[in-house]
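K.L.:
Got a structure for you, written out below as structure tokens; questions coming shortly.
Residue numbers (the working numbering): 184 to 662.
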């Protein structure tokens with residue numbers, strides 16, 4: 184993956200840059216020794232690595248503004264970083280950039296149960312937001328698989344979702360407002376603790392912008408009352424295509440489960456060896472969960488089970504206890520770790536119309552044979568957000584390149600059937616050069632014009648989202 188060459192003039196500024204940063208931050212918040220900066224050389228897309236010029240760990244909005252003002256005035260690029268769980272290289276630094284990590288910014292600033300919102304610093308982890316309000320029977324809905332570790336800042340940057348996004352939506356549907364620092368140090372408030380804001384929907388522009396427009400330091404999040412109850416059902420099928428058809432039929436029937444999760448045989452076998460969840464020996468399985476009162480759950484499951492039975496399932500297993508529910512979800516929650524024990528893998532994030540699931544799953548299987556690389560499918564089937572895991576050997580010359588080519592073909596297939604390149608992982612560097620396969624030149628121009636307004640020097644999160652050749656004229660003009 185091509186990255187821009189570091190600017191030697193900026194590299195030469197390092198001693199002065201470090202001195203200025205240490206004037207506005209505690210000394211332990213400025214990391215500049217080479218051996219220490221290696222901790223920030225990559226995110227969860229570990230195939231690509233580059234130590235940054237330095238890394239800083241501010242504690243509040245004011246310190247973030249001070250850092251950005253310094254970097255802006257010196258022309259130093261800045262890469263915002265949450266918890267580093269990005270699977271698309273969204274927090275990959277360049278050699279002449281400063282990593283701005285929000286890990287020390289984890290406080291709950293305000294909680295309002297009457298108006299159903301919580302305001303937090305964006306270094307707070309996703310799961311701990313629900314943890315802060317659960318005693319009052321509230322929760323924060325978006326639940327990425329990495330929710331134990333991932334930060335709200337990254338969730339906002341990538342518009343993350345999770346298993347329950349089918350009913351509750353993704354981050355943009357649960358984000359009410361943000362405090363954001365622009366690259367020149369200007370602090371702006373967008374949205375707030377109310378349903379909607381007047382004027383242009385700038386909050387919609389910020390959510391999913393991948394750190395291209397500013398650094399979000401505080402977020403006002405919608406919290407919801409916990410449902411009365413929830414019950415999952417596990418369904419096993421003898422082919423991926425049949426499982427995909429079942430998902431499509433459930434959605435067409437107008438039933439709205441809280442989650443529909445898909446796993447194929449490679450993932451089933453891996454998770455059984457890893458977690459021993461007791462899954463059936465089948466080609467594909469679905470986990471469908473509904474929630475509400477007992478009467479609502481029974482009514483929904485009656486319709487869903489009738490649809491499932493029409494597809495001749497290998498097994499139908501309805502949970503009858505909290506322990507059984509936990510075991511049904513155990514394998515799905517363990518899938519990514521389980522696959523990692525088998526081999527290196529690259530996790531994709533294409534999204535497709537639900538009615539295209541059978542066709543796309545079949546084509547992925549065919550491409551797997553063509554490339555000679557294994558692939559496991561585990562994803563949020565209800566909204567068509569696919570996560571194919573392509574297995575490869577990082578130590579085998581040429582395997583990474585083959586894996587990337589296979590992944591590119593899968594993502595192009597998603598676009599061809601009416602979907603898009605990404606659902607919740609973002610573009611980062613992983614899909615950067617595929618943007619031209621989804622967007623016309625005019626579309627790309629419009630997106631880059633937005634960045635021109637927020638970051639006219641093009642210093643924020645360099646080399647991400649926009650193909651280097653496409654953005655080159657703007658980057659050169661901004662220098």
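Backbone N, C-alpha and C fix where the C-beta goes; we use that ideal spot for every residue, glycine too.
1. So, is the C-beta of residue 455 closer than 7 angstroms to a C-beta in chain C?
2. DSSP has residue 294 in a bridge; who is on the other side?
3. Going by CA-CA distance only, name the one from 315, 552, 567 that's closest to residue 586.
4. So is residue 509 buried or exposed if we call it buried at 16+ other beta carbons inside 10 Å?
5. Between residue 415 and the rest of its own chain, which residues show a CB-CB distance below 6 angstroms, the 5 nearest in sequence each way excluded?
6. Using only alpha-carbon positions, find the residue among 646, 202, 305 that is nearest to residue 279.
7. Between 643, 465, 524, which lies nearest to residue 497 when the distance is taken from Cα to Cα?
8. Here's a check: name, in chain order, each residue in its chain whose Cβ is nearer than 6 angstroms to the Cβ of residue 640, leaving out the five neighbours to either side.
9. Based on Cα-Cα distance, which residue from 548, 204, 277 lies nearest to residue 188?
10. Counting C-beta neighbours from all protein chains within 10 Å, is the total for residue 323 16 or more, i.e. buried, or is it exposed?
11. Residue 418: which of 429, 411, 409 sits nearest, CA to CA?
12. In the DSSP output, which residue or residues are listed as bridge partners for residue 418?
13. Please go through the same chain and pick out, in chain order, the residues whose beta-carbon is closer than 6 angstroms to the beta-carbon of residue 307, but skip the five residues on each side of it.
14. Let me confirm a value: residue 588 is counted as buried when at least 16 other C-beta atoms fall within 10 Å, else exposed. Which label applies?
15. Straight-line CA distance for residue 383 to residue 263?
16. In chain order, which continuous runs of the alpha helix (DSSP H) of length 4 or greater are located wholly inside the region 251 to 331?
17. How big is the Cα-Cα spacing for residue 626 and residue 604?
18. Based on the DSSP output, what are the partners of residue 233 in its beta bridges?
19. Restricting to Cα atoms, I'd like to know which of 426, 349, 399 is closest to residue 369.
20. Give the straight-line distance between the Cα atoms of residue 381 and residue 492, rounded to the nearest whole angstrom.
21. In this structure, how does DSSP classify residue 666 when only helix, strand and coil are distinguished?
22. Can you tell me which residues form a DSSP beta bridge with residue 244?
23. What did DSSP end up calling residue 649 once you bin it into helix, strand or coil?
24. Rounded to whole angstroms, what's the CA-CA distance from residue 576 to residue 556? Just pull it up for me.
25. Quick one: measure Cβ to Cβ for residue 404 and residue 300, integer angstroms, because I've assumed they're closer than 8 angstroms.
26. Is residue 190 helix, strand or coil when you go by DSSP?
27. Measuring alpha carbon to alpha carbon, tell me which of 393, 529, 439 ends up nearest residue 338.
28. Fully enclosed by the region 477 to 525, which beta strand (DSSP E) runs are 3 residues long or longer?
29. What is the C-beta distance between residue 544 and residue 424, in whole angstroms, given that I count them as a contact (C-beta under 8 angstroms)?
30. Which two residues bound the contiguous beta strand (DSSP E) that contains residue 363?
31. Taking its Cβ as the centre, do 16 or more other Cβ atoms sit within 10 Å of residue 298, making it buried, or is it exposed?
32. What do you get for residue 372, buried or exposed, if any count of 16 or more other CB atoms within 10 angstroms of its CB means buried?
33. Quick check: the Cα distance between residue 558 and residue 614, rounded to an integer number of angstroms?
34. Considering only C-alpha positions, which residue in the set 249, 434, 463 is nearest to residue 447?
P.N.:
Taking the definition as stated:
1. Among the chains in the structure shown there is no chain C, since it carries only a single protein chain.
2. Locating residue 294 in the chain shown gives position 111, counting from the first residue. Answer by DSSP bridge pairing, in chain order: 301.
3. Sequence index remark: in the chain shown, residue 586 carries index 403 (1-based). For the residues 315, 552, 567, the minimum Cα distance to residue 586 belongs to 552.
4. In the chain shown, counting from the first residue as 1, residue 509 sits at position 326. Result: exposed.
5. Along the chain shown, read from residue 1 onward, the residue named residue 415 stands at position 232. Same-chain partners within the cutoff: 470, 472, 502, 508, 511.
6. Here the question's residue 279 lines up with position 96 in the chain shown. For the residues 646, 202, 305, the minimum Cα distance to residue 279 belongs to 646.
7. Taking the first residue of the chain shown as 1, we reach residue 497 at position 314. Here the closest residue by C-alpha is 465.
8. On the chain shown, residue 640 is found 457 positions in, with the first residue counted as 1. Cβ within range, chain order: 661.
9. Indexing the chain shown from 1 puts residue 188 at position 5. When only C-alpha atoms are compared, the closest one is 277.
10. Translated into positions along the chain shown, residue 323 becomes position 140. Answer is buried; the Cβ neighbour count reaches 16.
11. As a first step, residue 418 is located in the chain shown; it is residue number 235 there, counting from the start. Nearest of 429, 411, 409 to residue 418, Cα basis: 429.
12. By one-based count along the chain shown, residue 418 stands at place 235. Paired residue(s): 469, 499.
13. Numbered from 1 along the chain shown, position 124 holds the residue referred to as residue 307. 289, 335.
14. On the chain shown, residue 588 is found 405 positions in, with the first residue counted as 1. Exposed, because fewer than 16 other Cβ atoms sit within 10 Å of the Cβ of residue 588.
15. Counted from its first residue, the chain shown places residue 383 at position 200. Counted from its first residue, the chain shown places residue 263 at position 80. For residue 383 and residue 263, the distance between alpha carbons rounds to 25 angstroms.
16. 309 to 316
17. Taking the first residue of the chain shown as 1, we reach residue 626 at position 443. Taking the first residue of the chain shown as 1, we reach residue 604 at position 421. The straight-line gap from Cα to Cα measures roughly 15 angstroms.
18. Mapped onto the chain shown, residue 233 falls at position 50. Note: residue 233 sits in no beta bridge, so no partner.
19. Along the chain shown, one-based indexing puts residue 369 at 186. The option with the nearest alpha carbon to residue 369 is 399.
20. Against the chain shown, residue 381 aligns to sequence position 198. Against the chain shown, residue 492 aligns to sequence position 309. In a straight line, the C-alpha of residue 381 is about 49 angstroms away from that of residue 492.
21. This structure gives no information on residue 666, because the portion of the chain shown stretches from 184 to 662.
22. Counting from 1 along the chain shown, the entry for residue 244 is found at position 61. DSSP output for residue 244 lists no bridge partner at all.
23. By one-based count along the chain shown, residue 649 stands at place 466. Looking at residue 649 - three-state DSSP - the assignment turns out to be coil, as it is neither helix nor strand.
24. Counting from 1 along the chain shown, the entry for residue 576 is found at position 393. Counting from 1 along the chain shown, the entry for residue 556 is found at position 373. Cα-Cα distance, rounded: 10 angstroms.
25. Walking along the chain shown from the start, residue 404 turns up at place 221. Walking along the chain shown from the start, residue 300 turns up at place 117. 6 angstroms between Cβ atoms; contact.
26. Within the chain shown, residue 190 is the residue found at index 7, counting from 1. Correct three-state label for residue 190: coil.
27. Position 155 of the chain shown, counting from 1, holds the residue named residue 338. Among 393, 529, 439, the Cα nearest to that of residue 338 is on 393.
28. 498 to 501
29. Working through the chain shown from its first residue, we reach residue 544 at position 361. Working through the chain shown from its first residue, we reach residue 424 at position 241. Sure, about 6 angstroms apart at Cβ, within 8 angstroms.
30. As a first step, residue 363 is located in the chain shown; it is residue number 180 there, counting from the start. Segment 358 to 364, the beta strand (DSSP E) holding residue 363.
31. Mapped onto the chain shown, residue 298 falls at position 115. When all chains shown are included, residue 298 counts as exposed.
32. Taking the chain shown and counting its residues from 1, one reaches residue 372 at position 189. That one is exposed.
33. Start at 1 with the first residue of the chain shown, and residue 558 comes out as number 375. Start at 1 with the first residue of the chain shown, and residue 614 comes out as number 431. Cα to Cα, the separation comes out at about 18 angstroms.
34. For this step, residue 447 is matched to residue 264 along the chain shown. Measuring from the Cα of residue 447, the nearest candidate turns out to be 463.
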